[in-house]
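> Sending over a structure as structure tokens; questions will come in a sec.
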DNA sequence: ATGAAAGCGCTAACAT
DNA sequence: ATGTTAGCGCTTTCAT
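Protein chains in written order, with the UniProt record's numbering: chain D, 1 to 420; chain Z, 1 to 420.
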């Protein structure tokens, strides 16, 4: 079967899509063009080529307007609401129009092969004039991968999209998408606790699983489907799974050391009741730190990560017993201004009789009075390290599942510095 | 070329991927299998089929474990770090293994065609046992579309990913992804102010453009590429562009009416200096409302949408002249607790001598003392209406570009209710 | 009821 | 230097 006859039978309309035809006569009769091409195959091809040559000079006027033909074509069919959508221009259409082969045009457009400058230019020009855009799916099929990565968080599976409302995940999500895109990968958003059915139809090269919870099946499902997984340290050792993580022990250590240096002897910890590795490690690190310093283990668990439950836990933490705490570390995404207000309502002066620090990426912390000390988990760094690793695995065939620990950053502000 | 010979030359390794082989002997010599299949073509195919039949009984134990073979296969090659990745199981592999044709297996798996129950079951069972997963890209190519939609916001193009940190966009993004996914479309995140180069390689069926700014090229570029655009009302009338929007006039009207009913006569507006349709309309509606009520037009523009600039604008707004305002409407994504604190620092009692309302999706508003009145722009409703429209356009070929106006919702809380 | 073959649009060996 | 051809993996007429 020749290229020319590909248009017969299966897709008789295609001839009408040849750009030169609309560009040629302008108002010479849209219906006439359609009729002509529908009847004679060879004639359609011939007319298209001829018209294209004529239109070439005209197209020279606007260099960058790849959409010129498309717009013209659309404008030529104003009232036709029920008309079938114009078929897209394919490589073969450009090739025929330019009087070249698919190979040549492909090489010209991709900058591959050895072509004479004139031919390359002719191919490119024709493609531009016709508004040709390569079919991404066909390229992907050919390439064997889609350069698409999934992004899913483990926490908050009962409210599958609220993770975006947490400053930490918002940042992590953005940074992941940004870094990936810079490497040529697009990110698709999946709901927390995604099921097979939600990603099975997607050509995912890999999936990033942020903070998986202890009992979710996501990681296993993905690995069973032989999709590389990039997650936190909890996946360490699983074949096909890779990790990057923050140093949870350092989170606790750095902050409590800082409190201690300021004279605090009764620091209290507020942490959500979560089964992510991070929260479990924070808890363990806290106990260890207190034991090592001979201080009481004061902590309150928030029922959930939201502002409401965390503020409530803060109130509980600050109200305990006759011996009130003298420092508060909130390891949960709560709004710093709200935490500060809560402490005040209970009667604390910050930092007078309570040092305050929050693990948070929320920029409101710098706008309170006093500004609130925060500990950043460096979502941008996590994303960068993760995507770098991902690219290495996908493109250099890296097999090692070793991961990386990203250091956290303590931003000391007035809320945790004893005055005087 | 027969099906059997497809494995020759091009992909000599494939024979080794037949599941039965790994399941068969366990430690009988992994290298031997590789060598065997690499040398003899006919032998490889034959061995694979035979081994598969043997493994069939074994696989009957676990019904739902689609990944059983995959895991077994991986476990069988523990030390081989440099081994080429195991090729994926294709439809033809399943067909050969089951002794059926591609057609039959495809029909069996998709529930199409008329097949005998036994054959259908056999095909399905074999596919499951082999861990077959259809190649999404091939399906997309066949189907002519990828069920993939892009999502990009217009605002904040200088910091292309911070939009996720705004509660409104976080919600809109999540709701868009959720609604789309429920309809079978996945959402890819694009940076604010995306260029052609960032989405050109993606098989996007459509793109959602949230709040385009006046001068950005995104919408034009997409339309020129004949990609359907779903955006706000600012794209009204453009062929190929569809819209859903919030009623910006109602935002101002409802809130100022509410203030007015509470006795406020000097309401002041804080709005960011942005060229989105929403902000421009808010500004216009404000002037109109003030004129209609014979009240002075008090407003302050924040340089940018962030917390810092908006709080600064609030301070300016509340400090103006000898006649202090008696109500404040913040139409910008600022943290309600911060706005409240700012008002207090300047010396206002809320709601005693200042009524306060914020256009915000930030849930911290309910946790302040007093809770802050908010006006929700209903991102969930916007997303739902938008995606519903998108699906209608993409799947029912809807051509009308008419859009929909989503009503806003005023949540009156103590911050805007005069006491007594 | 089942299978053979065409072809979605593209790229890359392999001619010429 | 340019063209011909064979697939990527799947679904779908159309025969049988």
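Even glycine gets a Cβ: it sits at the ideal position worked out from N, Cα and C.
Quantities reported herein were computed from a predicted structural model and do not represent experimental measurements.
Taking residue 415(D) as the reference, which of 289(D), 351(D) and 170(D) has the closest Cα?
Comparing Cα-Cα distances from residue 415(D) to each of 289(D), 351(D) and 170(D), the minimum goes to 351(D).
> If the cut is a Cβ gap below 7 Å, which residues of chain Z does residue 173(D) touch?
The contacting residues are 164.
> By alpha-carbon positions, which one of 356(Z), 198(Z), 140(Z) and 126(Z) ends up nearest to residue 97(Z)?
Considering only alpha carbons, the answer is 126(Z).
> Of the residues that make up the region 307–338 of chain Z, which ones have a beta carbon closer than 8 Å to any beta carbon in chain D?
So the list reads 307, 308, 311, 335, 337 and 338, given in the order they occur along the chain.
> Mind checking whether the beta-carbon of residue 208(D) lies closer than 7 Å to any heavy atom of the ligand NAP?
Only the bare structure without any ligand can be found here, which leaves the ligand NAP out of the picture.
> According to DSSP, is residue 272(D) part of a helix, a strand, or is it coil?
Note: residue 272(D) maps to strand in three-state DSSP.
> Which residues in chain D have a C-beta closer than 7 Å to the C-beta of residue 367(Z)? List them in chain order.
Ordered by position in chain D, the residues that pass the 7 Å Cβ test against residue 367(Z) are 307, 308, 311 and 338.
> In terms of residues, what are the limits of the beta strand (DSSP E) holding residue 355(D)?
355–359 is the span of the beta strand (DSSP E), which, as asked, contains residue 355(D).
> Please classify residue 393(Z): is it buried, with 16 or more other beta-carbons within 10 angstroms of its beta-carbon, or exposed?
Counting Cβ neighbours within 10 Å, residue 393(Z) comes out buried, since at least 16 surround it.
> Which residues in the same chain as residue 420(Z) place their Cβ atom closer than 6 Å to its Cβ, once the five residues preceding and following it in sequence are excluded?
Within the same chain, residue 420(Z) has no close Cβ partners at all.
> Could you check whether the Cβ of residue 393(Z) sits closer than 8 Å to any Cβ belonging to chain D?
False, the Cβ-Cβ gap to chain D never drops below 8 Å.
> Please report how far the alpha carbon of residue 157(D) lies from the alpha carbon of residue 191(D), in whole angstroms.
Between residue 157(D) and residue 191(D), the C-alpha separation is close to 8 Å.
> Taking only beta-carbon positions, decide if residue 341(Z) is within less than 8 Å of chain D.
So, interface residue.
> Hey, is residue 32(Z)'s beta-carbon within less than 8 Å of any beta-carbon in chain D?
Bear in mind that a pLDDT of 27 at residue 32(Z), under 50, signals an unreliable position, so the model cannot answer this.
> Step through the CB atoms of chain Z and report whether any lies within less than 8 Å of the CB of residue 87(D).
Closer than 8 Å: no.
> Checking 8 Å against the spacing of the C-beta atoms, do residue 408(D) and residue 251(D) come in under that value?
For residue 408(D) and residue 251(D), yes; Cβs fall inside 8 Å.
> Taking the alpha-carbon positions, what's the residue 170(Z) to residue 247(Z) distance?
Their Cα atoms are separated by approximately 20 Å.
> So, is residue 155(D) buried or exposed, given that buried needs 16 or more other C-beta atoms within 10 angstroms?
Answer is buried; the Cβ neighbour count reaches 16.
> Between the beta-carbon of residue 310(D) and the beta-carbon of residue 270(D), is there less than 8 Å?
Going by C-beta atoms, residue 310(D) is nearer than 8 Å to residue 270(D).
> Distance check for residue 90(D) and residue 314(Z), CA to CA, integer angstroms please.
Distance between the alpha carbons of residue 314(Z) and residue 90(D): 55 Å.
> Just to confirm the assignment, what range does the beta strand (DSSP E) spanning residue 208(D) have?
Start and end: 206–210.
> Per DSSP, residue 373(D) forms a beta bridge with which residues?
DSSP output for residue 373(D) lists 357(D) as bridge partner(s).
> Is residue 195(Z) buried or exposed, if buried means 16 or more other CB atoms sit within 10 Å of its CB?
Exposed is the call here.
> Let me make sure I understand the geometry here. Which of 186(D), 209(D), 203(D) and 332(D) has the alpha-carbon closest to that of residue 193(D)?
Ranking 186(D), 209(D), 203(D) and 332(D) by Cα distance to residue 193(D) puts 209(D) first.
> Note the first and the last residue of the continuous alpha helix (DSSP H) segment covering residue 346(Z).
From DSSP, the alpha helix (DSSP H) with residue 346(Z) extends over 336–346.
> Does chain D have any CB closer than 8 Å to the CB of residue 189(Z)?
Cβ-Cβ to chain D under 8 Å: yes for residue 189(Z).
> Chain Z partners of residue 202(D), CB-CB under 7 Å?
Under the 7 Å cutoff, chain Z gives 136 and 186.
> From residue 289(Z) to residue 200(Z), what does the alpha carbon distance come to, in whole angstroms?
If I take the Cα positions, the gap works out to 44 Å.
> Where residue 249(D) and residue 337(D) are concerned, what is the direct C-alpha to C-alpha distance, given to the nearest angstrom?
Near 26 Å, if we compare the C-alpha coordinates of residue 337(D) and residue 249(D).
> Counting along the chain, where does the beta strand (DSSP E) carrying residue 388(Z) start and finish?
Counting along the chain, residue 388(Z) falls outside any beta strand (DSSP E), though it belongs to the alpha helix (DSSP H) covering 379–396.
> In chain Z, which residues lie with their C-beta within 8 Å of the C-beta of residue 181(D)?
Here the neighbours are 190, 191 and 198.
> Between the alpha carbons of residue 355(Z) and residue 143(Z), how many angstroms are there, rounded?
Going by the C-alpha atoms only, they are around 56 Å apart.
> Are the beta-carbon atoms of residue 219(Z) and residue 235(Z) separated by less than 8 Å?
Against a cut-off of 8 Å, the Cβ pair of residue 235(Z) and residue 219(Z) comes out as a contact.
> Along chain Z, which residues have their Cβ under 7 Å away from the Cβ of residue 384(D)?
Residues of chain Z passing the Cβ test: none, with the nearest at roughly 13 Å.
> Taking a cut of 7 Å between CB atoms, which residues from the region 231–262 of chain Z lie near chain D?
The residues in question are 239.
> How far does the beta strand (DSSP E) with residue 230(D) in it reach, from first residue to last?
Note, residue 230(D): beta strand (DSSP E), 229–231.
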